[in-house]
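The sequence shown lines up with residues 1 to 462 when you count with the numbering used here. Heads up, the beta-carbon is just placed ideally off N, CA and C, and yes, glycines get one too. For clarity, every value in this text was computed on a predicted model and none was experimentally measured. Scroll down for the structure; my scribbles are underneath it.
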Amino acid sequence: MLNRRQFLATSLAGSLGCSRTEAQRPNVLFLIVDDMNDYGFYNTLGGVKTPHLDRFKSSALTFDKAYCASPACVPSRAAVFSGLYPHTTGAYRNGSDPWTQAPLNSTESLPELFKRSGYTSYGQGKLTHAPVADEKLRAMWDNKPHGGGFGPFPPEEDQVAGRFWGWTPWEAPDSDFPDVVNGDSVVDFLSQEHERAFFLAYGLWRPHTPFTAPKRFFEMYDPADVELPPYKEDDLADVPQLGRDLAAVWGERFVVSGKETEQSWREFVWAYLACTSFADWSCGRVLDALDNSPYADNTIVVFWSDNGYHCGEKDHWEKTTLWEQASLTPMAIRLPGSAHAGKTCARPVGSIDLYPTLADYCRLEPTAHQLEGRSLRPLLEDPEADWASPTLTTFGEGYASVRDERFRYIRYPDGTEELYDHESDPHEWTNIAADPEHATVKEQLGAAIPEQFAKSLGGRMG
1 MLNRRQFLAT
11 SLAGSLGCSR
21 TEAQRPNVLF
31 LIVDDMNDYG
41 FYNTLGGVKT
51 PHLDRFKSSA
61 LTFDKAYCAS
71 PACVPSRAAV
81 FSGLYPHTTG
91 AYRNGSDPWT
101 QAPLNSTESL
111 PELFKRSGYT
121 SYGQGKLTHA
131 PVADEKLRAM
141 WDNKPHGGGF
151 GPFPPEEDQV
161 AGRFWGWTPW
171 EAPDSDFPDV
181 VNGDSVVDFL
191 SQEHERAFFL
201 AYGLWRPHTP
211 FTAPKRFFEM
221 YDPADVELPP
231 YKEDDLADVP
241 QLGRDLAAVW
251 GERFVVSGKE
261 TEQSWREFVW
271 AYLACTSFAD
281 WSCGRVLDAL
291 DNSPYADNTI
301 VVFWSDNGYH
311 CGEKDHWEKT
321 TLWEQASLTP
331 MAIRLPGSAH
341 AGKTCARPVG
351 SIDLYPTLAD
361 YCRLEPTAHQ
371 LEGRSLRPLL
381 EDPEADWASP
391 TLTTFGEGYA
401 SVRDERFRYI
411 RYPDGTEELY
421 DHESDPHEWT
431 NIAADPEHAT
441 VKEQLGAAIP
451 EQFAKSLGGR
461 MG
């Protein structure tokens, strides 16, 4: 096994253009959290405690305008692992089981490409969050990933509107949580000697519901002091009906834990923050294991959330909308020896760009299919480099949202629209789509919306 000095030497050789056989290619640690929004990672809500991710960001380049291809777990992950947009594959929503259907059942996924390129591919936790045929699963991973499920649900007396909706400070062992069990496996992997470069993926279930976490993470916050998210009473008055329909998917949850029940609202935000800090700790122990291993100096680390999350903004809990709160995804990348550690890139990028970025830096074999994202190498080398492309998020046939550095433009299947100027309206409270002064902006952003949408593979709105 190479020591740190040897690893660093081969990493530097690789950066000078040496071939695969001349230099050790970098390892990859791919950290995926579930439903983590901007509160702690981008410091948009006061008092959120994410010390491990804060420390990681000091060693990485943070992308503060990173957006998912679809604002739900399954389609977002399908886009990242395939390098294909939902409008190409038809994987728009949860429950679509995209990896068992064409075209993804025959598309080479990112872990498959790593394996074909000579890497060890090891995964644990919530990865595709959708069924994968055994043959394809073996092609993706050198191990059989342990998912583990959502973890402990609140006791029945603590549940509100179903077992997923409730919160409980958990006093039983940490090992009741799959994030801990899977984290143990990943830490163990990093303690072992590996002759080949590796692609190591750790998928967490938190801060996704149910809002259960070890008690100590609830104790990090005083619920009475928890800050509620920015909220406007008549926020949906200028939103088209199809946009209001998306916000109403989990309507019962907002009714029982929203503006009409402020104490309950505050408690649920408290529980979400506790789960966020739990996810932060889970990532931190894996990052510590990497940093204390011989692989530290030759490993690319990607941190990413599959989608954002509403905690009452726009009368909505959870994701599955086309607004900023659901599509903005925490993302940061650490390169060995990066000159831009601790910096932020303000260019709008997409999670669709992760596949081509890793294929680029790890010098993987060419893919048989055309990747639809772009390598982030220009921005990782110069965070202020020109990057003209806006980002696209879709959530069904004809449901599209486009974001550039200043504006968000949304178009629904019936042609109705929303437009928000983030320079003056960061919470997207005022829809200016009808303002003729912004016709050119709508035209420019609308050009990024595909003319053709693949037929949906199915699934559900929520």
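{"Asked": "Among the residues of its own chain, which have a CB less than 8 Å from the CB of Thr-344, if the five just before and after it don't count?", "Found": "Leu-61, Thr-62, Phe-63, Asp-64 and Pro-383"}
{"Asked": "Excluding five sequence neighbours on each side, which residues of the same chain lie with their C-beta closer than 7 Å to the C-beta of Arg-25?", "Found": "Gly-14, Ala-197, Cys-362 and Arg-363"}
{"Asked": "Which residue comes first and which comes last in the alpha helix (DSSP H) that contains Glu-112?", "Found": "110–116"}
{"Asked": "Within its chain, find whatever has a CB closer than 6 Å to the CB of Glu-381; leave out the 5 residues flanking it on each side and keep chain order.", "Found": "none"}
{"Asked": "Inspect the beta-carbon positions of Ile-449 and Ala-400 and report whether they are closer than 8 Å.", "Found": "yes"}
{"Asked": "Please report the Cβ distance between Val-160 and Val-256, rounded to the nearest whole angstrom; I am assuming they are in contact, meaning their Cβ atoms lie under 8 Å.", "Found": "5 Å"}
{"Asked": "Quick check on DSSP: helix, strand or coil for Glu-260?", "Found": "helix"}
{"Asked": "Under three-state DSSP, which class holds Trp-170?", "Found": "strand"}
{"Asked": "Give me the Cα-Cα distance between Ala-72 and Tyr-119, rounded to the nearest whole angstrom.", "Found": "29 Å"}
{"Asked": "Just list the residues that DSSP pairs Cys-345 with in beta bridges.", "Found": "Phe-63"}
{"Asked": "Kindly list the residues whose CB is nearer than 7 Å to the CB of Ala-385, restricted to its own chain and excluding five residues on each side of it in sequence; keep chain order.", "Found": "Pro-378 and Leu-379"}
{"Asked": "Return the CA-CA distance between Phe-177 and Pro-145, expressed in angstroms with no decimal places.", "Found": "16 Å"}
{"Asked": "Leu-419: beta carbon under 7 Å from a heavy atom of the ligand MG?", "Found": "No copy of the ligand MG occurs in the structure displayed, which carries no ligand at all."}
{"Asked": "Which class does Glu-22 belong to by DSSP, given the choice of helix, strand or coil?", "Found": "With a pLDDT of 37 at Glu-22, under the threshold of 50, the modelled position of that residue is not reliable, and the figure given next carries that caveat. Here Glu-22 sits in coil by DSSP."}
{"Asked": "Please report the straight-line C-alpha distance between Phe-395 and Pro-413, rounded to a whole angstrom.", "Found": "11 Å"}
{"Asked": "If contacts are defined as beta-carbon pairs under 8 Å, then Leu-445 and Tyr-409 qualify, I think. What distance do you get, rounded to the angstrom?", "Found": "4 Å"}
{"Asked": "Should Trp-167 be flagged as near chain D, meaning a C-beta pair shorter than 8 Å?", "Found": "Protein chain content of the structure displayed is limited to a single chain, and chain D is not contained in it."}
{"Asked": "Between Pro-294, Thr-391 and Glu-437, which lies nearest to Val-187 when the distance is taken from Cα to Cα?", "Found": "Pro-294"}
{"Asked": "Just reading off the beta strand (DSSP E) that Gly-125 is part of, what are its end residues?", "Found": "120–125"}
{"Asked": "Would you tell me roughly how many angstroms separate the C-alpha atoms of Trp-141 and Thr-299, rounded to the nearest one?", "Found": "19 Å"}
{"Asked": "Leaving out the 5 sequence neighbours to the left and right, which residues in its chain are closer than 6 Å to Cys-275 when beta-carbon positions are compared?", "Found": "Arg-206, Pro-207, Phe-211 and Ala-213"}
{"Asked": "For Lys-464, count the other beta carbons within 10 Å of its own beta carbon; 16 or more makes it buried, fewer makes it exposed. Which is it?", "Found": "Given that the chain is displayed from residue 1 to residue 462, the structure contains no residue 464 and the question cannot be resolved."}
{"Asked": "Look up Leu-29 in the DSSP assignment and give the residues it is bridged to.", "Found": "Leu-200 and Val-301"}
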